[in-house]
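Below you'll find the structure, written out as structure tokens, and then a few comments.
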Amino acid sequence: MADQQLFRARRMFVAKISTPVMADLLNDLLADRILNEREREWVFEEHLARADRASCLIDMVRRKGASQELITNLKNIDLLLHNVLFPPVGQADEQDPPISPVLILCDENFKTHIQRTDKLVGQLETSDMAYPVMPKSNRTRVALLINVRNFVNKKWIREGSEKDDAAMATLLTALGYRVVRPETGEPRKYTGEDIDKAVKDFAQLPDLSQTDSVIVVIMSHGKKGAVYGSRGKALNPNEKDDLFPTDNIFEYLNAKNCPALRDKPKVIIINACRGGDSLIFVIETNPGKCLSRSMKLIEDDIKVHIEKDFIAFLSCTAGNVSWRHPFFGSPFIQYLVEVFNTFSHKDHLEELFTKVINRFDQGPPPAIMQVPVKDRCSLSKHFYLFPGL
Numbered sequence: 001m002a003d004q005q006l007f008r009a010r011r012m013f014v015a016k017i018s019t020p021v022m023a024d025l026l027n028d029l030l031a032d033r034i035l036n037e038r039e040r041e042w043v044f045e046e047h048l049a050r051a052d053r054a055s056c057l058i059d060m061v062r063r064k065g066a067s068q069e070l071i072t073n074l075k076n077i078d079l080l081l082h083n084v085l086f087p088p089v090g091q092a093d094e095q096d097p098p099i100s101p102v103l104i105l106c107d108e109n110f111k112t113h114i115q116r117t118d119k120l121v122g123q124l125e126t127s128d129m130a131y132p133v134m135p136k137s138n139r140t141r142v143a144l145l146i147n148v149r150n151f152v153n154k155k156w157i158r159e160g161s162e163k164d165d166a167a168m169a170t171l172l173t174a175l176g177y178r179v180v181r182p183e184t185g186e187p188r189k190y191t192g193e194d195i196d197k198a199v200k201d202f203a204q205l206p207d208l209s210q211t212d213s214v215i216v217v218i219m220s221h222g223k224k225g226a227v228y229g230s231r232g233k234a235l236n237p238n239e240k241d242d243l244f245p246t247d248n249i250f251e252y253l254n255a256k257n258c259p260a261l262r263d264k265p266k267v268i269i270i271n272a273c274r275g276g277d278s279l280i281f282v283i284e285t286n287p288g289k290c291l292s293r294s295m296k297l298i299e300d301d302i303k304v305h306i307e308k309d310f311i312a313f314l315s316c317t318a319g320n321v322s323w324r325h326p327f328f329g330s331p332f333i334q335y336l337v338e339v340f341n342t343f344s345h346k347d348h349l350e351e352l353f354t355k356v357i358n359r360f361d362q363g364p365p366p367a368i369m370q371v372p373v374k375d376r377c378s379l380s381k382h383f384y385l386f387p388g389l
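Have a look at this one:
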């Protein structure tokens with residue numbers, strides 16, 4: 001409850017809290033042993049702007065599960081600001097449930113409502129609006145997770161992405177997916193060729209015949225139409241950049257090249273920027289903040305029936321950057337995990353993605369300057385994950 005209250009108050013908290021009040025809050029949180037000396041110093045020494053310090057503080061406290069302690073301390077320090085941010089009971093909007101730190105499991109009755117079993121035939125029959133989901137005992141869900149954190153150019157190292165990696169691995173496992181990683185290359189230091197081979201090998205896994213869906217997650221730097229491998233940009237003009245074309249994901253997993261996934265939902269999640277020519281000022285001084293990809297939509301009548309049952313979810317719109325904190329990871333992955341934990345037991349995939357997009361509207365700068373986007377969607381039905389079932 002307190003975490004949800006604090007999340008709803010984030011934008012106003014960042015806008016209204018003064019530096020003296022923030023300093024008192026940090027001292028109280030230190031005295032309560034919620035923060036340590038290093039974390040208190042991090043807020044003020046690593047962030048010059050007041051709004052950045054406020055954003056860092058509120059994110060740090062929420063991640064520690066200490067939202068109520070911050071609210072209580074704020075009430076003791078600045079009652080007026082507290083009442084503005086947290087209206088008395090009855091005035092606050094209680095429409096949305098609290099954000100869940102763990103995955104909420106689906107109720108069997110809800111699944112039965114969405115899907116029905118043909119007892120005469122003994123096979124799963126679905127409504128016209130939902131993809132069939134294999135029984136848990138008979139399926140082997142698989143997901144591919146690729147995180148390029150380390151680069152030859154040390155300035156490109158994506159600090160904080162290990163938090164995103166761990167969060168996504170935990171979520172995918174909780175949803176019943178066996179997490180697959182590239183078999184070649186140094187861990188978290190995959191070249192473009194390593195990524196290409198990993199996706200191609202994934203498309204040939206025997207387990208795909210026993211899965212009802214797949215999820216592919218790639219996190220790296222990038223440019224329009226591609227993500228960078230660990231060698232990054234070429235230093236010599238005669239050499240080529242180390243890139244993996246993201247169109248290859250659709251090529252390797254389409255109905256022609258991967259018949260085991262025919263008529264099954266294929267979810268692509270890319271956490272990376274989509275081009276470097278952005279009008280948004282990037283505050284981080286670390287050049288490894290993110291340069292990702294734009295999936296170029298191919299309008300080809302011949303491929304329409306081949307590229308089917310896909311949906312891509314991209315961390316930002318074309319030409320813009322995708323934010324990542326070097327200590328906490330990216331808002332995109334944080335919000336995605338929180339939304340899936342809280343709502344995947346009752347919402348289908350596109351509704352979940354829409355909720356993630358809405359979270360950015362409610363978040364503090366710079367998150368509000370980032371807009372994730374659903375792309376290249378060819379889903380013909382709703383896809384429910386039915387966690388736990």
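If you count by full-length UniProt numbering, then the sequence shown holds residues 1 to 389, one letter each, in order.
In this text, a Cβ means the ideal position worked out from N, Cα and C, and glycines have one as well.
Candidates 346, 341, 340, 274: which alpha carbon is nearest residue 130's?
346
State the start and end residues of the unbroken beta strand (DSSP E) segment that holds residue 226.
First-last of the beta strand (DSSP E) with residue 226: 226 to 228.
Measure the alpha-carbon distance for residue 58 versus residue 144 and round it to whole angstroms.
32 Å
Please determine if the segment 137 to 156 and the segment 197 to 205 are in contact, where contact requires at least 3 C-beta pairs separated by less than 8 Å.
Contact between the segment 137 to 156 and the segment 197 to 205 is present, because at least three Cβ pairs lie under 8 Å.
Range covered by the beta strand (DSSP E) that runs through residue 146:
141 to 147
Residues bridged to residue 244 [DSSP beta-bridge criterion]:
227
Expected contact under 8 Å - CB spacing of residue 374 and residue 353 to nearest Å
5 Å
Per-residue DSSP class, three states only, for residue 163
helix
By DSSP's criteria, residue 178 is part of a beta bridge. Which residues make up the other side?
The partner list for residue 178 (beta bridge, DSSP) reads 142.
Inter-residue CB distance, residue 371 and residue 311 (contact presumed, cutoff 8 Å):
Rounded, the Cβ-Cβ distance is 17 Å, inconsistent with contact.
If you follow the alpha helix (DSSP H) that residue 27 is in, where does it begin and where does it stop?
19 to 31
Count the CB pairs spanning the segment 99 to 107 and the segment 330 to 343 that are closer than 8 Å, and state whether there are at least three.
Contact between the segment 99 to 107 and the segment 330 to 343 is present, because at least three Cβ pairs lie under 8 Å.
Bridge-paired residues (DSSP) for residue 5:
DSSP lists no beta-bridge partner residue for residue 5.
From the DSSP output, which residues share a beta bridge with residue 314?
270, 373
The segment 213 to 230 contacting the segment 184 to 196, beta-carbon criterion three pairs below 8 Å:
yes
Buried or exposed, going by whether 16 or more other CB atoms sit within 10 Å of the CB of residue 211?
buried
Using the beta-carbon count (16 or more within 10 Å), is residue 219 buried or exposed?
buried
Shortest alpha-carbon distance to residue 306 belongs to which of 261, 339, 335, 325?
261
Run of the alpha helix (DSSP H) containing residue 12, from where it starts to where it stops:
Looking at the DSSP string, the run of the alpha helix (DSSP H) that includes residue 12 is 10 to 16.
Would you decide whether residue 168 is buried or exposed? Buried here means 16 or more other CB atoms lie within 10 Å of its CB.
buried
In the DSSP assignment, find the unbroken beta strand (DSSP E) run with residue 104 in it and report its ends.
First-last for residue 104: undefined, no H or E at that position.
How big is the Cα-Cα spacing for residue 265 and residue 329?
Counting only the Cα atoms, residue 329 lies some 28 Å from residue 265.
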